[in-house]
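Participant: Numbering follows my numbering, in which position 213 of the sequence shown is assigned residue number 317; successive positions increment by one, without gaps.
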Amino acid sequence: MHIQKVLEELVREHTSIIIAHRLSTIERADKIIVLHHSQLREMGKHNDLLKQMRIYCTLYKMQYKKQEGDIVPSMLARQQRVLDKTEIRKLLQFSGELATGAGKVLRRGFNRSLKIDYKGRINPVTEYDLKSERYIISHISKRFPDHAVLAEEGSGAREKSPFRWIIDPLDGTVNYTHGFPIYCVSIAVEFEGDIVAGTVYDPERDELFHAGLKMGAYLNQKRIKVSSEKILQRALLATGFAYNIGTAKRTNLGLFARMAKKAQGLRRAGSAAIDLCWLACGRIDGFWEFYLHPWDTAAAKLIVEEAGGQVSRINGASYSIFNPDILASNGHLHRAMMTVLTGKAH
Ligand code: IPD
Ligand code: CA
Ligand code: CA
Numbered sequence: 105m106h107i108q109k110v111l112e113e114l115v116r117e118h119t120s121i122i123i124a125h126r127l128s129t130i131e132r133a134d135k136i137i138v139l140h141h142s143q144l145r146e147m148g149k150h151n152d153l154l155k156q157m158r159i160y161c162t163l164y165k166m167q168y169k170k171q172e173g174d175i176v177p178s179m180l181a182r183q184q185r186v187l188d189k190t191e192i193r194k195l196l197q198f199s200g201e202l203a204t205g206a207g208k209v210l211r212r213g214f215n216r217s218l219k220i221d222y223k224g225r226i227n228p229v230t231e232y233d234l235k236s237e238r239y240i241i242s243h244i245s246k247r248f249p250d251h252a253v254l255a256e257e258g259s260g261a262r263e264k265s266p267f268r269w270i271i272d273p274l275d276g277t278v279n280y281t282h283g284f285p286i287y288c289v290s291i292a293v294e295f296e297g298d299i300v301a302g303t304v305y306d307p308e309r310d311e312l313f314h315a316g317l318k319m320g321a322y323l324n325q326k327r328i329k330v331s332s333e334k335i336l337q338r339a340l341l342a343t344g345f346a347y348n349i350g351t352a353k354r355t356n357l358g359l360f361a362r363m364a365k366k367a368q369g370l371r372r373a374g375s376a377a378i379d380l381c382w383l384a385c386g387r388i389d390g391f392w393e394f395y396l397h398p399w400d401t402a403a404a405k406l407i408v409e410e411a412g413g414q415v416s417r418i419n420g421a422s423y424s425i426f427n428p429d430i431l432a433s434n435g436h437l438h439r440a441m442m443t444v445l446t447g448k449a450h
């Protein structure tokens, strides 16, 4: 039975209600316990819960046993998570408009003399990073005033929404400041912790990459897939170096040298989101980097996966956009790349 019906019935009957161990996410709850209304009132969480329930009702299906004290393993809630493809399509349509709009903003500033500030020793931020971000956030705020936002330059911070927009308004800022034409806009939409829509726009080539969860990956509306290369010695790979290269323990320089001897070629183009999208459409066969941020990889990770590629941490563990290292490949080369990068056979 759909959780919405279950909860509506429970609330109407004033008998009992379901409470998640962590109120913020039923999905990630350790367990879900059926409690009596009076117990909830005692706990002082009645109103808060009902509010939460209204959100979850529309999002999840779960199996339900109606006895008080029942413990429903959270796996049941997880199994049948629902977000409409039509809804994802709408998010993608809007993200595409935002990314191309922001791309136009960036093109206006490209190859001009720019006002540049520094967030660190070699980490620049231009007036156009900020203009692009303001453009994107202002449109999201109008259309989805309740949605949360995580954007690189820090605007539009809102919390507590099942939806979160993760934005890099200009990926490739060093390139941009030098007139080196590889940079992009990256916009992802996360729903209850999963990236459901990813969009990357490259204004210099007018290339719009997008992917929806379980809906495939596209470049300018044409389906894309990763390469079929299986031999590392024939593979073209990409990587990058973080701004902390002067001080960090893991500089990637040693691995760069090691991989350069194994692969056919190695590139450092200067935009992690573009590297990943080019992996998704078969222009390169693998990519790795350290110390990237969630906004660098959120959209493109989904694009790679939906194009049939594999994304993990460098040691093969599952990757979250909050992890400090990433390995992405066409799948065929994953083990071979892991072996070179970790120095252990896989
Ligand atoms: C950078 C680019 C670059 C990568 C850096 C990132 P930014 O993002 O993605 O390719 O090597 O680690 O920080 O600063 O241009 O948005
Ligand atoms: Ca970036
Ligand atoms: Ca950036």
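C-beta: ideal position from N, C-alpha, C; glycine also.
Keep in mind the model is a prediction, meaning the values are calculated, not measured.
1) Which whole-angstrom value is the C-beta distance of Leu380 and Phe391, which I expect to be below 8 Å?
2) Grab me the residues of Asn324's own chain with a C-beta within less than 7 Å of its C-beta, minus the 5 sequence neighbours each way, in chain order.
3) In the segment 266–343, which residue ranges form an unbroken alpha helix (DSSP H) of at least 4 residues, counting only runs that do not cross its ends?
4) Name the two residues that bound the continuous beta strand (DSSP E) containing Ser422.
5) Name the two residues that bound the continuous alpha helix (DSSP H) containing Asp233.
6) Could you check the C-alpha separation between Glu172 and Val289 for me, to the nearest Å?
7) Quick one, which of Ser424, Ala384, Ala449, Ile425 has its alpha-carbon nearest Gly435's?
8) Determine whether the beta carbon atoms of Ala402 and Ile425 lie at a separation below 8 Å.
9) Since I believe Val229 is in contact with Thr277 (beta carbons under 8 Å), could you give me their beta-carbon distance rounded to a whole number of angstroms?
10) Rounded to whole angstroms, what is the Cα-Cα separation between Glu258 and Tyr423?
11) Give a yes or no on whether the C-beta atoms belonging to Ser236 and Pro285 are separated by under 8 Å.
12) Could you round the C-beta distance between His251 and Arg268 to whole angstroms and report it? I think they count as a contact, below 8 Å.
13) Under 6 Å, CB to any heavy atom of ligand 3. Which residues pass, going along the chain?
14) Give the straight-line distance between the Cα atoms of Ala301 and Phe360, rounded to the nearest whole angstrom.
15) Is it buried or exposed, Ile226, if we count other Cβ atoms within 10 angstroms and call 16 or more buried?
16) What are the boundary residues of the beta strand (DSSP E) that includes Ser433?
17) Let me know if Glu201 comes out buried or exposed under the rule of 16 or more other beta-carbons within 10 Å of its beta-carbon.
18) Identify whether His450 lies in helix, strand or coil by the three-state DSSP scheme.
19) Measure the alpha-carbon distance for Thr162 versus Val293 and round it to whole angstroms.
20) Is the beta carbon of Ala342 sitting closer than 8 Å to the one on Arg371?
21) For the segment 368–409, list the beta strand (DSSP E) runs that are entirely contained and at least 3 residues long, ordered along the chain.
22) When DSSP labels each residue in this structure, what does Ala252 get in the three-state scheme?
23) So Asp400 packs on Ser433, CB below 8 Å; how close in whole Å?
24) Taking Ile220 as part of the beta strand (DSSP E), name the residues at either end of that continuous run.
Facilitator: Let me lay it out:
1) The residue you call residue 380 lines up with position 276 of the sequence shown. The residue you call residue 391 lines up with position 287 of the sequence shown. Contact holds; Cβ gap of about 6 Å.
2) Stepping through the sequence shown from its first residue, residue 324 is reached at position 220. The residues are Glu311, Leu312.
3) DSSP runs (the alpha helix (DSSP H)) wholly in the segment 266–343: 277–282.
4) Indexing the sequence shown from 1 puts residue 422 at position 318. Per DSSP, Ser422 belongs to no beta strand (DSSP E) and is neither H nor E.
5) Within the sequence shown, residue 233 is the residue found at index 129, counting from 1. Per DSSP, Asp233 belongs to the alpha helix (DSSP H) from 231–247.
6) Here the question's residue 172 lines up with position 68 in the sequence shown. Here the question's residue 289 lines up with position 185 in the sequence shown. Its pLDDT being 41, under 50, Glu172 is placed unreliably in this model, and the value from its coordinates should be taken loosely. Spanning the two alpha carbons is a distance of roughly 50 Å.
7) Here the question's residue 435 lines up with position 331 in the sequence shown. Nearest of Ser424, Ala384, Ala449, Ile425 to Gly435, Cα basis: Ala384.
8) Start at 1 with the first residue of the sequence shown, and residue 402 comes out as number 298. Start at 1 with the first residue of the sequence shown, and residue 425 comes out as number 321. Contact flag set, yes.
9) Numbered from 1 along the sequence shown, position 173 holds the residue referred to as residue 277. Numbered from 1 along the sequence shown, position 125 holds the residue referred to as residue 229. About 7 Å separates the two Cβ atoms, so the contact holds.
10) By 1-based counting over the sequence shown, the position of residue 258 is 154. By 1-based counting over the sequence shown, the position of residue 423 is 319. The residue you asked about is not Glu; residue 258 is Gly in the sequence shown. C-alpha separation (whole angstroms): 24 Å.
11) Taking the sequence shown and counting its residues from 1, the one referred to as residue 236 is at position 132. Taking the sequence shown and counting its residues from 1, the one referred to as residue 285 is at position 181. Against a cut-off of 8 Å, the Cβ pair of Pro285 and Ser236 comes out as no contact.
12) Residue numbering aside, residue 251 sits at position 147 when the sequence shown is read from its first letter. Residue numbering aside, residue 268 sits at position 164 when the sequence shown is read from its first letter. Right, their Cβ atoms sit about 7 Å apart.
13) Asp233, Glu256, Asp272, Leu274, Asp275, Thr277
14) Translated into positions along the sequence shown, residue 301 becomes position 197. Translated into positions along the sequence shown, residue 360 becomes position 256. Going by the C-alpha atoms only, they are around 31 Å apart.
15) Your numbering for residue 226 matches position 122 in the sequence shown. Classification of Ile226: exposed, given that the 10 Å Cβ count is below 16.
16) Along the sequence shown, one-based indexing puts residue 433 at 329. Start and end: 429–433.
17) Here the question's residue 201 lines up with position 97 in the sequence shown. Glu201 sits exposed, since fewer than 16 C-beta atoms from the chains shown fall within 10 Å of its C-beta.
18) Residue mapping note: residue 450 aligns to position 346 of the sequence shown, counting from 1. His450 falls in the coil class under three-state DSSP.
19) Within the sequence shown, residue 162 is the residue found at index 58, counting from 1. Within the sequence shown, residue 293 is the residue found at index 189, counting from 1. Here Thr162 scores only 35 on pLDDT, less than 50, and its place in the model should not be relied on; the value that follows carries that caveat. So the two alpha carbons sit approximately 18 Å from each other.
20) Residue mapping note: residue 342 aligns to position 238 of the sequence shown, counting from 1. Residue mapping note: residue 371 aligns to position 267 of the sequence shown, counting from 1. Result yes, Cβ atoms of Ala342 and Arg371 sit closer than 8 Å.
21) Runs of the beta strand (DSSP E) inside the segment 368–409: 369–371, 390–394.
22) By one-based count along the sequence shown, residue 252 stands at place 148. Three-state result, Ala252: strand.
23) The residue labelled residue 400 in the question sits at position 296 within the sequence shown. The residue labelled residue 433 in the question sits at position 329 within the sequence shown. At roughly 17 Å, the Cβ-Cβ gap does not stay under 8 Å, so Asp400 and Ser433 are not in contact.
24) Taking the first residue of the sequence shown as 1, we reach residue 220 at position 116. Element bounds for Ile220: 220–222.
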